[in-house]
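Shown next, in structure tokens, is the structure this report addresses.
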Amino acid sequence: MKQADDIPRKSYRYILQNFFILTKTYFRNLSEAKLIGKPDFQIVMDIILWVLLPVLIIVLPIVDVFLLLFSPGLHLFKPLFKAGWKYALISAIGVTLAVSVITQYVFFIYSYQFQAFDLYLADEPRRFIQVEIAGIPIEASYHQYNSIDNVAKYAMEFIDMTHRVPQRDLFFKLASFTQSFDPTTNLTSLPNMQLYGSDLKLRYFVESNIAYGHAPESDNEALALMTRDFYNHTTFRNGSIIPLYVPIALDKSASLTVPSAQTTVNITGIVFLDDLPVYNVIESSIGIPLEYVLELEDNLALFTRWIQAANINNDIALTYSHGTVFENLFYDISLIDAFQIDNEITILKTIGLALKEWYQTLGGINSARINSYLVDLMESFKDEYALYQTFMFSFLAPIMALTIILTVYAANLVRKKRDRQLTILTERGCNRGEIGSYLALESLIVGGVSLFVGIFLGTPIASLLTKSSGFLKFSNSSSPLRIELSSVVVAVLGSIGAILFIQLFNTLTLLKKRNIDDYGKVEKSLPRFYKYFVDIVLLLLAGTVWIVYQLPILTSQKESTARYIGIPATILMIFGLILLFQRFLPLFSRLLIKLTTKLKMDISSLSVREISRYQKSFARSSIILSLSFSLVVASIVVPFTYQNYNLNSAYYDVGSDIMIRDFPIDDYMLKATIDNLTSVESTSIVRLINLDNVQGDLALTYSVLIVDPISYNKTAYFRDDFSNFEFIELMNELNTSNYLAPKSVLAQEDEIAAFNIKPWEDKPITYRAYNESMRPILGTPYWDENITLRIMDTFKYWPILVKDVVTTNVRSQVFHFVAPINFLNYIQVAPFDVISYLFVKVADGAVISDVADEISSFSTGFIFDVEREVFVSPDSPRSSILYSAINSTLLMSFTINAIILALFASIQLIDKSKEIATMKAIGISSRQLMKYYISVYVSLLAFTTIVGLIVGYISSTMLMAILAINRTIPPYSMAFPVGQIALVLSILFVTALVGAAIPTISSSKQEIGTELRQSA
Amino acid sequence: MAFIEVRDLIKIYYTKEFNVRVPALRGIELEINKGEFISIIGPSGSGKTTLLLVLAGMTDPSAGQISVGGVRLDQLTEESRSLYRRFNVGTLWQIPNRNLIWEINILENVEIPMRLLGIPREQRKKDAKELLSEVGLAKRLKHKPSQLSGGEVQRAGLACALAHNPILLLADEPTGELDSKTAGELLKYFKHLNETHGITAIMVTHDFDVAKSTDRLIQIVDGRISGYSPTEKLKTIRDMHHVYLDRYGGIQLPRHVIDKLKVQQEIFIDEEDGKVILHQNNSNDVKKAKK
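Protein chains in written order, with the numbering used here: chain A, 985 to 2000; chain B, 51 to 341.
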């Protein structure tokens, strides 16, 4: 038998996937000695990857320190550091920013890593593997209980997974006990009810939460589990004696006569389901509500000990005392590593297989079915997590690039000043080794300080990111920050890597031989790399990669190619476009000159000429600012588009603002009460029937949504593109067909296209009909019925009325139809197979979830509302990873923009202090000087804002195209939240301008004489 | 054998951007004895500074031989040239911020060449203070260059150039930005060093009066030596009141002209019949000087 631990980790593959997996797996491999049993080449690969690489990263700086201790440049340290500390500080700001970005992302992602699945399960808590043994005789003995439970126990021990499955619970449920309907009197005395038998922890848990009464002690005694609402609306109390009937309708072998077996149950106590604490068996941060543990379907259930429940079962069963046994194995969620979700899924599947095998071999049970909701959940989580990771990485990469560019840019700006110092040293006889080692030493100090300050700053930002609950909004509703040793090591190693890279670049740049006479030269051309058409090359590359990504052959691989092909293409496109737009900077400057001259803005007209004069410097600054603005625009547009899509999806899940499933349509009073609520605009009753037909091993289901066209038209939600036709037209067609063609339906476009059926064609269908009166004739109330449906028109997608987790193994094909309300008169179905819904449209200004709460206070049934069904709603823990990408991008952009323009302004003003002094000497006032320089920066910011908006929107469109959601229904449509973008861009604009204004103000206050002398 | 021997020195600059080769030195032949004080004169772009840079080991010659104290500079590696500069050469440039690091005080500036030689801290401080006292800056030790006057900055630069006790002092128009009084003081100090320490000093200048006070005068025109003083050829030029325009458009009138015409610090310029006329500001007398 294959053991879960034997599953090859293939860890070498993950190095390509992301750096975090690499380090995480490294620590795990070391601690769990996973290398054993691998082929030689894999061990070699692992040694290289997991040992050599980190060792090199750790050893290199240590070697560096030793070298520096005996550095030939050490004797120059004091005067040179004193001379250059201002420039070192500018460099340190950039490096600190880089470290802080790395730290915040690493801490945040690591913190999220083990909590991610837990947070995901906050909305879907069925975190267990379930063995379902249907239709086995329930014995009134503990022997059966122990033997079934022990199979699971031995199976877990054998595959060494007891640490992953710290608890199991065994109970049985009577499937035939689902209705207390008496066909002789045609009365339903009580709604749906199940009987549960269980012992040990589950029983103690229920019995310790009795609201009224006491635990059952003898036969025919049970506890009643119910909601408080149900309790308030019925006369059902502890001490009640309830008669139980076998529902004939559900027992195919029974005759039409009155059930031969009947019994009564004494209710000894009431347990309120809504008051129960969550069933928290494995100390998870999120427990499991009992309804999920018991698979409770309705408002009322009976619960008693295994033997007592088995005896009740014996009393009421018609044939055998058959029931369904459930063994729940609770999986330790905290061990689920979100980065290795594929492995986790494999482990879970292995557990499922082992259970199945052991139940067959040891328990002799062939019908054991494994319901691993966890696998389903993990697979959907995997998609969601991949989506979030795509968000994170698509923003992380450009932000890191932006930070590094900023640092290198800052280094380049200060280089001019350093050049002069270094030239003097060279002339005095310093060699390159001494200067190089001095610069390395300085880098080490800058790096060391930046490392500490960066981590110090990054940690609270990471904590803030975990609290990202909305657009520029932070709250405590999300996950706490968890810092582990491994994440600290990764943050430090990553930061050291970045520092080494940046400092190496800076040192090499400064070591370059330069001609001192170049100092202060006017840079009247674009940066040198434009000569090599870098922008065009990048755009061509981006286009080619994008074409490769769109190749039909890769369609099936879209999930995995998105990150490795789609995102790089987008990033190349961003850089390519930004570089390309800089070519228009001189043109923009000329336009401004013309405009300002025409408007007689003399000072501004003079100042905007600076852009042409110092084209190289301006183009460099403009590249960084444009990148920053583009990121901001993309980081707003992408998540807003995604959130819009989420809201649309929620509407297509629910159908209207609020939907009540299992609505008692005969309760006119209840409907009238809801209709009369001031916060309710309209309601509509909707019914759903699934007409089943089995052909061979293929189950065909015709899912027919039956609507009242008039009220539905007022209540339901539809997006314009749901069909090629107007919604009102389709509704009118349905309304007309009420009288003319009752079996007319609307069909889903893609489903009928697959069968080559066109609108206004007929579709004959066969379904399994039901009528209780057919039982004497056929021996069963079921038979196959043929009808012909007239396909009137088509729609692209229609509400799905909240998806359930699909557990069926049967191959199935579902056709979705929409029919008028009298459709029910023409088909023969069991009344209990028709699901009734009430759609509610909330009045303008009312809060949907509040109205849903109000309705739930007096209504039964399952109430869903759009606000709670949103896939990732703001303020939910799951939203933190989505919004953290936006918020961190925004925060970083604010900082980077302010710093970049401040740096640019400072260096420009230092460079031109002589010019400024001369201007002041000829009589220009400080105010005019401020106006002079601020006009330049405003022009630069205006240009970069325009570029940012264009590039940001283009890159957002590309990013949305590579996110997984583009293959779902409804299709997304690009959002452009003007308000938010305008707000953020104006903040950015102002912060950058303030950054530029500070050195300008200080320069304008400088005395002319001092300035002239200093600039000598 | 002379202390400095230059044979057929050629230096050609290559501008990659415009693909242009500019010959700066076209076969210089020169011999300078140890302890000599030499001045080099010539028009802008004649190659004076290039010759100085080659002698300082700061630029490679394109061809020819240069030997300083028996060391063949044309055969040195970059590393050896650094050591040559560190131990042997002191430089003083016309632009003040090329001599000093502007962000630190002058004492620290003077200490830098000593640090390079590995002189212990106490010794270094003592020597630097002495040197700065010698150039008259004893009370300005903690001042940054921006806090000093032009003459003080140049004197601090000179202290810096002499901090490591070089055997060769190279000065490129050191008095160019100074008034005549300060220039005279600086020159006096140059001579004093040359005489007492036996330093070989080479100075590029436009000022004939400054050049006159040196042991020997070498004239360079178009990258070639066009004359030596005291020779007949040079005297002829001297008689023509020949002055050179420096790279910043400035001219320095010879001392005897200034004394003779009683020109003060501020004068006015007029152009008449293709001639430039200088007016004194305190008199209506018009003195003419031929350019």
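From the three backbone atoms N, C-alpha and C, an ideal C-beta is built for every residue, glycine too. These numbers come from a predicted model, not from an experiment.
CA nearest to the CA of residue i, picked from the options
i: L1563 of chain A; options: A:V1802, A:R1512 and A:N1660; result: A:R1512
i: G201 of chain B; options: B:N215, B:S96 and B:N149; result: B:N149
i: I1429 of chain A; options: A:I1132, A:G1068, A:M1643 and A:D1183; result: A:G1068
i: E1201 of chain A; options: A:G1253, A:V1835 and A:L1186; result: A:G1253
i: F1559 of chain A; options: A:I1669, A:L1184, A:V1931 and A:D1360; result: A:V1931
i: N1204 of chain A; options: A:Y1196, A:I1620, A:G1181 and A:T1873; result: A:G1181
i: A1395 of chain A; options: A:S1986, A:F1888 and A:A1926; result: A:F1888
i: Y1937 of chain A; options: A:A1100, A:R1187, A:I1965 and A:Q1566; result: A:I1965
i: S1277 of chain A; options: A:S1075, A:F1189, A:S1666 and A:A1072; result: Correcting the residue identity first, residue 1277 of chain A is Val in this sequence and not Ser. Of the listed residues, the one whose Cα sits closest to V1277 of chain A is A:F1189.
i: F1973 of chain A; options: A:S1721, A:F1613, A:T1772 and A:L1488; result: A:F1613
i: D973 of chain A; options: B:W152, B:K84 and B:A221; result: It is not possible to answer for residue 973 of chain A, since the shown part of chain A is limited to 985 through 2000.
i: R1774 of chain A; options: A:D1768, A:E1123, A:K1780 and A:F1801; result: A:F1801
i: V271 of chain B; options: B:S94, B:E81, B:E55 and B:F87; result: B:S94
i: N155 of chain B; options: A:K1066, A:I1093, A:Y1071 and A:A1082; result: A:K1066
Chain B contact residues for residue i, given Cβ-Cβ distances below 8 Å
i: K1066 of chain A; result: E153, I154 and E158
Within chain B, the residues that residue i reaches when beta carbons sit closer than 9 Å
i: G1478 of chain A; result: Here the premise fails: no neighbours, minimum Cβ distance about 34 Å.
i: R1404 of chain A; result: N147, R148, I151 and W152
Residue i - DSSP class collapsed to helix/strand/coil
i: V185 of chain B; result: coil
i: T109 of chain B; result: coil
i: I1982 of chain A; result: helix
i: H1800 of chain A; result: strand
i: G234 of chain B; result: helix
i: E1123 of chain A; result: coil
i: F1702 of chain A; result: coil
i: A1352 of chain A; result: strand
i: R1911 of chain A; result: helix
i: P1955 of chain A; result: coil
i: H256 of chain B; result: coil
i: G277 of chain B; result: strand
i: T1667 of chain A; result: strand
i: K1584 of chain A; result: coil
i: D58 of chain B; result: strand
Contact list for residue i against chain A, beta-carbon separation under 9 Å
i: I162 of chain B; result: L1060, P1063, L1064, I1408, L1409, R1412 and C1414
i: L133 of chain B; result: G1413 and N1415
i: E129 of chain B; result: N1415, R1416 and G1417
i: M51 of chain B; result: Going along chain A, no residue has its Cβ under 9 Å from M51 of chain B, so there is no contact; the nearest lies around 25 Å.
Integer-rounded CB distance, given that residue j should sit under 8 Å from residue i
i: L1609 of chain A; j: L1924 of chain A; result: 7 Å
i: G1979 of chain A; j: A1830 of chain A; result: Actually they are not in contact, since the Cβ atoms of G1979 of chain A and A1830 of chain A sit about 45 Å apart, beyond 8 Å.
Partners in chain A for residue i, counting only beta-carbon separations shorter than 7 Å
i: L166 of chain B; result: R1412, G1413 and C1414
i: M253 of chain B; result: Near M253 of chain B there are no residues of chain A at all, since even the closest Cβ is about 17 Å away, more than 7 Å.
i: T141 of chain B; result: E1411
Min CB distance residue i to chain D below 7 Å
i: R136 of chain B; result: The structure shown contains no chain D; its protein chains are A and B.
Cβ pair count under 8 Å reaching 3, the stretch 178-197 of chain B against the stretch 133-143 of chain B: Proximity of the stretch 178-197 of chain B to the stretch 133-143 of chain B falls short of the contact definition, fewer than three beta-carbon pairs being nearer than 8 Å.
At least three beta-carbon pairs within less than 8 Å, the stretch 1931-1949 of chain A to the stretch 1620-1627 of chain A: Yes, the stretch 1931-1949 of chain A is in contact with the stretch 1620-1627 of chain A.
The stretch 1727-1735 of chain A / the stretch 1830-1845 of chain A touching (three or more Cβ pairs under 8 Å): Counting Cβ pairs under 8 Å, fewer than three are found: no touch.
The stretch 70-80 of chain B in contact with the stretch 239-251 of chain B per 3-pair CB rule at 8 Å: Per the Cβ contact rule, the stretch 70-80 of chain B is not in contact with the stretch 239-251 of chain B (fewer than 3 Cβ pairs under 8 Å).
Cβ pair count under 8 Å reaching 3, the stretch 1345-1354 of chain A against the stretch 1114-1132 of chain A: A contact exists between the stretch 1345-1354 of chain A and the stretch 1114-1132 of chain A.
Cβ contact (3+ pairs, closer than 8 Å) linking the stretch 1793-1812 of chain A and the stretch 1639-1647 of chain A: Segments in contact, no.
Contact between the stretch 1085-1094 of chain A and the stretch 1418-1432 of chain A (3+ Cβ pairs under 8 Å): Touching, no, given that fewer than three Cβ pairs across the two stretches are closer than 8 Å.
Three CB pairs or more closer than 8 Å across the stretch 1411-1422 of chain A and the stretch 1629-1639 of chain A: Proximity of the stretch 1411-1422 of chain A to the stretch 1629-1639 of chain A falls short of the contact definition, fewer than three beta-carbon pairs being nearer than 8 Å.
Stretch pair the stretch 1070-1085 of chain A + the stretch 1432-1449 of chain A: three plus CB contacts closer than 8 Å: Put simply, the stretch 1070-1085 of chain A touches the stretch 1432-1449 of chain A. At least three CB pairs are less than 8 Å apart.
At least three beta-carbon pairs within less than 8 Å, the stretch 1816-1826 of chain A to the stretch 1657-1666 of chain A: Cβ pair count under 8 Å is three or more, so yes.
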